[in-house]
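Novice: Everything in the sequence shown is counted per the numbering used here, starting at 242 for the first residue and increasing by one. C-beta: ideal position from N, C-alpha, C; glycine also. Note that the structure is predicted; figures quoted are calculated from it, not measured.
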Amino acid sequence: MAARLTPYGDDIVEDDDRGSPAGSAGTTVQAEADANEASFLRVLREEKTWLRTMVDQVSDYMFVKDTNCRFIMANRAMASDLGFESAEDLIGRTDLELYPFPIAMTFYRDAKQVMRTDKPIIDQEEFVVLPNGSKRWLASSKFPLRGSTGELIGVFGISRDITERKKADRLRDGQAQVLEMISSSAPLSEVLDCLVRLLEDQLDGLLGSILLLDEDGVHLRHGAAPSLNPEYTRLVDGIEIGPCVGSCGTAAYRREQVIVSDIFTDPLWADFHALAELGGVRACWSTPIKSLAGKVLGTFAIYSRAPKAPDPAELRLINDTARIAAIAIERKQAEEQIRFLAHHDPLTGLPNRSQLAKCLDKAIRLVTPQTPRVAVVFLDIDHFKAVNDSFGHAAGDQLLVIAAERMKAHLRASDVVLRLGGDEFVLLLTGEAAEPANLQSLLVRLRAAISEPVEVLGQAFHVTCSMGISIYPQNGEDADTLLVHADAAMYGAKQAGRNTFEIYSPLRADESAPNLVLLEEIRAGLARREFVLHYQPQIDLETGEICGVEALVRWQHPDRGLLAPDLFIPVAEEGGLINALGKQVLKMACRQAQAWKLQGLPPVTMSVNVSARQFAQRGWAEQVKGILNRTGLDPHALELELTESMLMRNVEQAIATMNDLCSIGVRFAIDDFGTGYSSLSALRSFPVSRLKIDQAFVRDVAEDSSGRGIAEAIVSLGHKLHLRVIAEGVETPEQLAFLRQAGCNEAQGFLIARPMAPSDMAARLGTAFVFPGP
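Written as structure tokens, this is what we have:
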């Protein structure tokens, strides 16, 4: 009998050896053949064993399906993830027996497509849900499989687990979305809900919750909990913080992270077992959400339905998410504070100057034949400067608060007190209070109340006030006229010796005049060309080469020396000289850039800041074109920096102006990105080529892991807008190293170079920045 291999390679069929040569010689030959055959079979079996061993060592899925899409081979990694002890348990099964119907049908159609078209599918991303409930993303390649004679016998496939990469992509995109929501002033509840869902997507099977610390600093209020039992959320809302109040109440009280891996054995939850059972949770890890100043804003909690402690990666993600939550909460609180401060004095809480005309117009509209008058009272604290000089500004502030309280105490609820600034207040009196006899009596009482002794910082003293009054309609029929006349009457009271009040008389001239010295000096400085430019280089973070310079204005004052812009720009803005100054700056910058080019120096982009008033000025685009023509500078070498808030004032006009200049090659950058309130959709509409990250987002990236996450998300957001991203305010090697790793394109700051004179800048052009070593 002779051994014969079957097509499967393992089974042996014995053949009848009748007819072989007789005798011992034949027997010897046959024995040698049998020995060779046995050796071959042994080697073949060993090769198959090695092949199976190698396939089972691969962490990727490997499988073969026949033409009916049944598994005829799979490796151990695939079988284990599908809940089988051996890969042999998969043989003969279909995807319908292994996956939910929609996923199984997708795999079936893919296999049929490969067999029908005879073309492979390469690196197709697939989402699967395993029998244990875990979710995976796979990158799968599937190939047609043919036999030795060329007939189609099935499909061979290999799938790689890319779940972590997909999670990282979703995390980055989600963080960018949250930052966009924050920058576009989306409701805080929506931002926090999105943030919690983002973390739940990263941590399979875990539930998130954000509680906000109330203004009283004692109670926690619901912020976001999209996946928790609503009844549990309702009962937790308003809970009082303390040393043994579960995870969140304790974390807020201790101001530190609290990890409870088993609620039913931890004493912090001893009084809240029923609550935990209602929520269906067994573990809770809570992290206090803190402001940049260290103030507790709320708590960020992660719940598990089974006892569990967090691993280091989970803790890092939780801490980063808590930092983003802090940014969102602080931003919302800042917006609310800004809205309040826009209309109220921060020291006294009174309505401010912006509300004056509105309140007065309202009072005039409420005039009736029965109450025909409105009294406008300008009140000024006498010798207030002496209080500040003698006792300090803290004492002066306390005095103003006391004076404001005394004014409110002597007025009715329908009357209004406003603080204009400094020691100036305005009272709006209506109805009976505005009648001459009542008005005089009220002002006498008010004057007496203000002059009562005041104790500030342990020192008692007296102050007086001067008041000027104008009456509607006798002294004016509109708000502006009444205010001017009341101000003039108050000046008359001061001229009369102070500590008195005076009703407006057209015979008294207003002798007051604003101090215009600095404004006149700026005007003269513009005429004498005293303003100069310094230049700060901007480098490419890949090569270190200088790719641009920013023009920064300075004032070479004849008496005070070189002045920084914060000393004169605000005055120029208020005095209406900013357009003239901006025009002069743009002209100098373009002329300098052209001069460097004519000297044969390497070309760089000249960046020039543009003020809001310049940008809104009629004919400004034509002015820019005229300067480019006169200086000869190529428009492609000019970049104009605009702020987010400037663009959002009038989006359509901004786009039209920018497109006009972009048509000739001028480029635009958004300066101080992240500090405005622009939305992603609006930013996409602007023809911008570069995004400038505000230094506030760069300052702490080297020390703060959550700050690094925010900066990375901002860089990602900029790249999604197809913009080059430049970071300003880079001052340390650690900041620079992080920005390079994060993919930021360019940078500027004191670490690279301080602003310098034109000659020094010319010497730097063509040189490369040497990056600090590790």
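In this structure, what does DSSP give as the bridge partners for SER400?
Specialist: Answer by DSSP bridge pairing, in chain order: TYR302, SER381.
Novice: DSSP on ASN309, reduced to helix/strand/coil?
Specialist: coil
Novice: Pair every Cβ in the region 543-560 with every Cβ in the region 523-530, then say whether three or more of these pairs are closer than 8 Å.
Specialist: yes
Novice: Leaving out five residues on either side along the sequence, give the residues of the same chain with a beta carbon under 8 Å from the beta carbon of MET847.
Specialist: GLY789, VAL790, ALA792, ALA830, CYS831, GLN833, ALA834, LEU874, ALA878, LEU879, GLU880
Novice: Does the separation of the CB atoms of LEU932 and ILE967 fall below 9 Å?
Specialist: yes
Novice: I need the straight-line Cα distance from SER545 to ILE504, nearest angstrom please.
Specialist: Each residue's alpha carbon lies about 10 Å from the other.
Novice: Hey, ALA604 and LEU669 are a contact pair by Cβ (cut 8 Å); roughly how many whole angstroms apart?
Specialist: 5 Å
Novice: Looking at the unbroken beta strand (DSSP E) that takes in VAL971, where does it start and where does it end?
Specialist: No beta strand (DSSP E) holds VAL971; DSSP gives it neither H nor E.
Novice: Which residue's Cα is closest to the Cα of PRO799: LEU759, ASP807, ILE810, ARG387?
Specialist: LEU759
Novice: Does the beta-carbon distance from TYR494 to VAL486 come in below 9 Å?
Specialist: Taking the C-beta atoms as reference points, VAL486 is found nearer than 9 Å to TYR494.
Novice: Mind checking GLU718: buried by the 16 CB within 10 Å criterion, or exposed?
Specialist: exposed
Novice: Tell me where the beta strand (DSSP E) around CYS525 begins and ends.
Specialist: 524-531
Novice: May I ask you to report which of helix, strand or coil DSSP gives ALA272?
Specialist: helix
Novice: Between the Cα of ASP445 and the Cα atoms of THR491, ARG377, GLU472, which residue gives the shortest distance?
Specialist: ARG377
Novice: Taking the alpha-carbon positions, what's the ARG660 to GLN681 distance?
Specialist: 21 Å
Novice: What's the call for GLU421, buried or exposed, on a 16-neighbour Cβ count within 10 Å?
Specialist: It counts as buried.
Novice: Can you list, in chain order, the stretches of the alpha helix (DSSP H) that have 4 or more residues and sit fully within the region 342-386?
Specialist: 342-358
Novice: With a 10 Å radius around its C-beta and 16 neighbouring C-beta atoms as the bar for buried, classify HIS726 as buried or exposed.
Specialist: buried
Novice: By how many angstroms is the C-alpha of GLY333 removed from the C-alpha of TYR349?
Specialist: 15 Å
Novice: With a Cβ-Cβ cutoff of 9 Å, do GLY709 and VAL642 count as a contact?
Specialist: In this structure, VAL642 does not lie closer than 9 Å to GLY709 by Cβ.
Novice: For a test of the three-state rule: what should DSSP assign to THR290, helix, strand or coil?
Specialist: helix
Novice: State the CB to CB distance for the pair ALA465 and ASP434, rounded to an integer number of angstroms; the pair is presumed to be in contact (CB under 8 Å).
Specialist: 4 Å
Novice: Which one of GLU431, GLY860, ARG871, ARG764 has the shortest CA to CA distance from ALA821?
Specialist: The shortest C-alpha separation from ALA821 is found at ARG764.
Novice: Would you call the region 305-312 and the region 345-360 touching, i.e. three or more CB-CB distances under 8 Å?
Specialist: yes
Novice: So, with DSSP's three-state summary, where would you put CYS485?
Specialist: Coil, per DSSP.
Novice: Under the DSSP definition of a beta bridge, which residues are partnered with TRP796?
Specialist: PHE772, LEU804
Novice: Apart from the five residues just before and just after ALA417, which ones in its own chain have a Cβ nearer than 7 Å to its Cβ?
Specialist: ALA954, SER957, LEU958, LYS961
Novice: Check whether the region 577-592 touches the region 436-444, counting contact only when three or more Cβ pairs, one atom from each stretch, lie closer than 8 Å.
Specialist: no
Novice: Tell me the residue span of the alpha helix (DSSP H) that contains LYS599.
Specialist: For LYS599, the enclosing alpha helix (DSSP H) covers residues 597-606.
Novice: I'd like the ranges of any alpha helix (DSSP H) spanning at least 4 consecutive residues and lying wholly in the region 613-682.
Specialist: Within the region 613-682, the runs of alpha helix (DSSP H) at least 4 residues long that lie entirely inside it are, in chain order, 625-632, 634-650.
Novice: Count the other CB atoms, across all protein chains shown, that sit within 10 Å of the CB of GLU456; report buried if there are 16 or more and exposed otherwise.
Specialist: Around the CB of GLU456, fewer than 16 other CB atoms lie within 10 Å, so the residue is classed as exposed.
Novice: Would you be able to state if there are at least three C-beta pairs under 8 Å between the region 986-1005 and the region 773-782?
Specialist: yes
Novice: Ends of the beta strand (DSSP E) at GLN700?
Specialist: 700-702
Novice: Among GLU814, VAL939, ASN593, ILE712, which residue has its Cα nearest to the Cα of PHE979?
Specialist: VAL939
Novice: The alpha helix (DSSP H) that contains GLY520, what's its start and end?
Specialist: 514-520
Novice: With burial defined as no fewer than 16 other Cβ atoms inside 10 Å of the residue's Cβ, what is the status of GLU743: buried or exposed?
Specialist: buried
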